[in-house]
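Following: one structure in structure tokens, then a few remarks.
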Amino acid sequence: MLRLAKNFWEVFKMMNNSKATQISENIFWVGAVDWSMRNFHGYETSRGSTYNAYLILDDKITLIDTAKIDFKDELISRISSVVDPAQIDVIVSSHVELDHSGALKEIASLAPAAQIITTNPNGLKGLTNRYGKLNYKSVKAGDEISIGKRTLKFVPTPMLHWPDSMVTYCPEEKILFSNDAFGEHLATSMRFDDENDLATIMYEAQKYYANILMPFGKQAQTALKALGGLELKMIATGHGVIWRKHIDKILACYKSWSAGEVSQRAVIVFDSMWHSTEIIAQTITEAFAKRGIPAAYYDIKKTPLSDIITDIFTSKYLAVGSPTINNQMMPTIAAFLCYLKGLRPVNHKAFAFGSYGWGGQSIALVEDDLKAAGCEIILDKIRVANLPTQAQLDDITEKILALDL
Ligand code: FEO
0 MLRLAKNFWE VFKMMNNSKA TQISENIFWV GAVDWSMRNF HGYETSRGST YNAYLILDDK
60 ITLIDTAKID FKDELISRIS SVVDPAQIDV IVSSHVELDH SGALKEIASL APAAQIITTN
120 PNGLKGLTNR YGKLNYKSVK AGDEISIGKR TLKFVPTPML HWPDSMVTYC PEEKILFSND
180 AFGEHLATSM RFDDENDLAT IMYEAQKYYA NILMPFGKQA QTALKALGGL ELKMIATGHG
240 VIWRKHIDKI LACYKSWSAG EVSQRAVIVF DSMWHSTEII AQTITEAFAK RGIPAAYYDI
300 KKTPLSDIIT DIFTSKYLAV GSPTINNQMM PTIAAFLCYL KGLRPVNHKA FAFGSYGWGG
360 QSIALVEDDL KAAGCEIILD KIRVANLPTQ AQLDDITEKI LALDL
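Written as structure tokens, this is what we have:
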């Protein structure tokens with residue numbers, strides 16, 4: 000078996016020339032860069048992503064996570080640039096989702112003696128359902144193993160964002176292997192935060208939190224508490240950059256985001272058929288600006304939902320508009336509100352608006368969905384038949400100026 004694995008290794012070394020990147024002494028990034036991904040189960044990833052895996056050379060050679068199955072060759076090539084994969088003793092599976100565990104079976108077949116560490120019961124159940132019986136070892140909160148000079152301490156972070164999620168801390172290195180937490184969908188050739196544009200990585204980190212972790216603020220706070228007090232030299236994430244210079248900044252953001260902190264800012268989202276709802280949206284945007292509250296204006300046809308959600312996440316006010324079509328709201332707005340309801344935003348104040356030809360049912364439907372998403376309704380539905388008159392637009396402005404914001 001070992002000889003076969005060695006042959007396999009030699010073949011891969013010839014086929015794929017991806018190399019590992021050293022991030023600390025005897026610790027290597029061996030993941031993959033997905034430059035072309037533009038949609039991650041509905042999340043529009045305009046800058047691609049990375050699937051980060053880490054190899055630790057110690058008495059027990061340890062791999063932390065794998066990668067999406069499509070990138071197994073790149074992963075194996077990077078591992079092989081440092082060590083024969085057959086020599087891996089321990090594989091830590093932080094998360095069953097396939098962007099991290101996708102190549103687990105392939106790595107396990109190259110290193111059949113390797114112990115696969117996962118949480119109990121959720122990681123164990125998820126991995127067994129997907130990959131069958133492998134050499135699993137389950138761990139619980141507080142468990143640790145020695146891999147030689149280094150220790151790995153396991154901290155389950157359930158529902159951050161799956162029941163099985165776990166992070167791993169290495170005290171000797173002061174590195175937290177954080178998997179999905181603190182990550183971004185950002186394809187980059189440079190591994191560290193300080194080697195990338197800070198505004199870009201902070202935007203992508205917020206976008207990631209808003210689109211993946213927003214429903215799990217309480218769980219994020221629990222995880223932050225569990226990690227509180229750890230000395231951190233690096234946060235080695237599962238996606239995007241490794242934090243080493245701006246650790247305090249990303250931790251402060253997670254503290255604020257998980258607490259649902261919002262700022263005095265408004266987001267106006269709408270679709271329009273013949274410009275009437277669009278004119279109302281413009282009026283609402285200008286009315287907020289008149290009050291000194293910055294407002295962002297999104298024609299839903301022009302901006303990806305994931306970016307709109309990123310802006311809504313930290314903005315206190317939300318106005319959503321749709322004309323009526325076939326007694327319903329526009330399908331674009333229905334899809335947006337469906338997504339918003341699932342993300343369960345907190346501390347948002349909202350209202351609905353729209354124009355109509357005869358029925359006008361859409362505006363009440365939008366308001367119902369805003370309530371269902373957990374928003375507090377702060378202004379009665381704005382309904383305008385056909386084209387708004389100047390008097391109606393002035394009235395909308397007055398109503399917004401009169402709000403107690
Ligand atoms: Fe990056 Fe939940 O997987």
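For the sequence shown, the residue numbers in numbering that gives the first Met the number 0 are 0 to 404. For each residue, glycine too, the CB sits at the ideal point set by N, CA and C.
Open item on the list: Rounding to the nearest angstrom, what Cα-Cα distance links Thr187 and Trp34 in this structure?
Closed with: So the two alpha carbons sit approximately 8 Å from each other.
TODO: Inspect the beta-carbon positions of Trp242 and Phe176 and report whether they are closer than 8 Å.
DONE: No.
TODO: Run the proximity test for Gly237: is its beta-carbon closer than 7 Å to any non-hydrogen atom belonging to the ligand FEO?
DONE: Checking the Cβ of Gly237 against the ligand FEO gives yes.
TODO: With DSSP as the reference, please indicate the residues paired to Cys337 in a beta bridge.
DONE: Per DSSP, none; premise fails for Cys337.
Task: Per DSSP, cross-strand counterpart(s) of Thr309 - done: Per DSSP, Thr309 has no beta bridge partner at all.
Open item on the list: Please identify the residue among Val166, Asp72, Tyr130, Ile106 whose C-alpha is closest to the C-alpha of Thr118.
Closed with: Here the closest residue by C-alpha is Val166.
Open item on the list: On a Cα-Cα basis, can you pick out the residue from Ala372, Glu366, Gln389, Ala390 that is closest to Glu379?
Closed with: For clarity, residue 379 is Asp in the given sequence; the question names Glu instead. For the residues Ala372, Glu366, Gln389, Ala390, the minimum Cα distance to Asp379 belongs to Glu366.
Open item on the list: Here's the rule: buried if 16 or more other CB atoms are within 10 angstroms of the residue's CB, otherwise exposed. What is Arg77?
Closed with: By the beta-carbon neighbour count (other beta carbons within 10 angstroms, threshold 16), Arg77 is buried.
TODO: Compute the Euclidean distance between the alpha carbons of Trp357 and Pro322, then round it to the nearest angstrom.
DONE: Near 11 Å, if we compare the C-alpha coordinates of Pro322 and Trp357.
- [ ] Locate the beta strand (DSSP E) running through Phe176, then write down its first and last residues.
- [x] That run of the beta strand (DSSP E) goes 174 to 178.
Task: Rounded separation between Asn326 and Val138 - CA only - done: So the two alpha carbons sit approximately 53 Å from each other.
Open item on the list: Can you find the residues in the same chain that come closer than 6 Å, C-beta to C-beta, to Ser17, ignoring five residues on each side of it along the sequence?
Closed with: Excluding sequence neighbours, Ser17 sits near Glu73, Ser76, Arg77.
- [ ] Can you tell me which of the three DSSP states Arg423 falls into?
- [x] Because the chain in this structure spans residues 0 to 404, residue 423 falls outside the shown range and cannot be described.
Open item on the list: Give me, in chain order, the residues of the same chain whose beta-carbon lies closer than 8 Å to that of Leu223; leave out the 5 immediate sequence neighbours on both sides.
Closed with: Hits under 8 Å: Leu250, Tyr253, Lys254, Ser257.
Open item on the list: Contact between the segment 307 to 319 and the segment 339 to 347 is defined here as three or more beta-carbon pairs at a separation below 8 Å; is this criterion met?
Closed with: Short answer: they touch.
Task: Among Arg37, Ile63, Leu317, Tyr50, the one whose alpha carbon lies nearest that of Ile26 - done: The residue with the shortest Cα to Cα distance from Ile26 is Ile63.
Open item on the list: Within the continuous alpha helix (DSSP H) that includes Arg77, where are the two ends?
Closed with: Element bounds for Arg77: 71 to 79.
Open item on the list: Considering Cα atoms alone, identify which of Lys300, Tyr130, Ser275 is closest to Lys389.
Closed with: Residue identity differs from the one stated: residue 389 is Gln in this sequence, not Lys. For the residues Lys300, Tyr130, Ser275, the minimum Cα distance to Gln389 belongs to Ser275.
TODO: Kindly examine the ligand FEO and report whether one of its heavy atoms sits closer than 7 Å to the Cβ of His99.
DONE: Taking the Cβ of His99 as the reference point, at least one heavy atom of the ligand FEO falls within a distance shorter than 7 Å.
Task: CA-to-CA distance, Ile307 to Ala372, given in whole angstroms - done: Taken atom to atom, the span from the alpha-carbon of Ala372 to that of Ile307 is near 15 Å.
Open item on the list: Could you give the first and the last residue of the continuous beta strand (DSSP E) run that contains Ser48?
Closed with: First-last of the beta strand (DSSP E) with Ser48: 48 to 50.
Open item on the list: I'd like to confirm the pairing. Which residues does DSSP put opposite Met233 in its beta bridges?
Closed with: Per DSSP, Ile174.
TODO: Identify whether Gly359 lies in helix, strand or coil by the three-state DSSP scheme.
DONE: Of the three classes helix, strand and coil, the one that applies to Gly359 here is coil, per DSSP.
Open item on the list: Would the segment 123 to 139 count as touching the segment 196 to 207 if we require 3 or more Cβ pairs under 8 Å?
Closed with: Flag = no, the segment 123 to 139 and the segment 196 to 207 do not touch.
Task: Whole-angstrom distance between Val95 and Met0, CA atom to CA atom - done: Confidence at Met0 is low in this model, with a pLDDT of 49, below 50, so its placement is unreliable and no value can be given for it.
Open item on the list: Restricting to runs no shorter than 3 residues, where is the beta strand (DSSP E) found entirely within the segment 275 to 329?
Closed with: Fully enclosed beta strand (DSSP E) runs of 3 or longer: 294 to 298, 314 to 320.
Task: Other residues of its chain near Phe191: CB distance less than 7 Å, five sequence neighbours each side excluded - done: Scanning its chain for C-beta atoms nearer than 7 Å, with the 5 sequence neighbours on each side dropped, one finds around Phe191 the residues Val240, Ile241, Arg243, in chain order.
Task: CB of Lys232 within 8 Å of CB of Ile146, strictly - done: Judged by beta-carbon spacing, Ile146 lies beyond the 8 Å limit of Lys232, meaning their Cβ atoms are not closer than that value.
Task: Distance between Tyr130 and Ile115 (C-alpha atoms, nearest Å) - done: Distance between the alpha carbons of Ile115 and Tyr130 is about 12 Å.
Task: CB contact flag (Ile60, Val82, <8 Å) - done: Yes.
- [ ] Compute the minimum distance between the beta carbon of His40 and the heavy atoms of the ligand FEO, and state whether it is under 7 Å.
- [x] It does not: the Cβ of His40 is nowhere closer than 7 Å to a heavy atom of the ligand FEO.
- [ ] Label His184 either buried or exposed according to how many other C-beta atoms from any shown protein chain fall within 10 Å of its C-beta, with 16 as the threshold for buried.
- [x] Per the 10 Å Cβ criterion, buried.
Task: Exposed unless 16 or more other CB atoms sit within 10 angstroms - verdict on Asn38 - done: The residue in question, Asn38, is exposed, as its Cβ has fewer than 16 Cβ neighbours within 10 Å.
TODO: Look at the Cβ atom of Gly30, then the Cβ atom of Ala66, and state whether they are nearer than 8 Å.
DONE: Yes, Cβ-Cβ distance for Gly30 and Ala66 is below 8 Å.
Open item on the list: Can you tell me where the beta strand (DSSP E) holding Asp33 begins and where it ends?
Closed with: First-last of the beta strand (DSSP E) with Asp33: 31 to 33.
Open item on the list: Between the alpha carbons of Glu375 and Cys337, how many angstroms are there, rounded?
Closed with: Taken atom to atom, the span from the alpha-carbon of Glu375 to that of Cys337 is near 17 Å.
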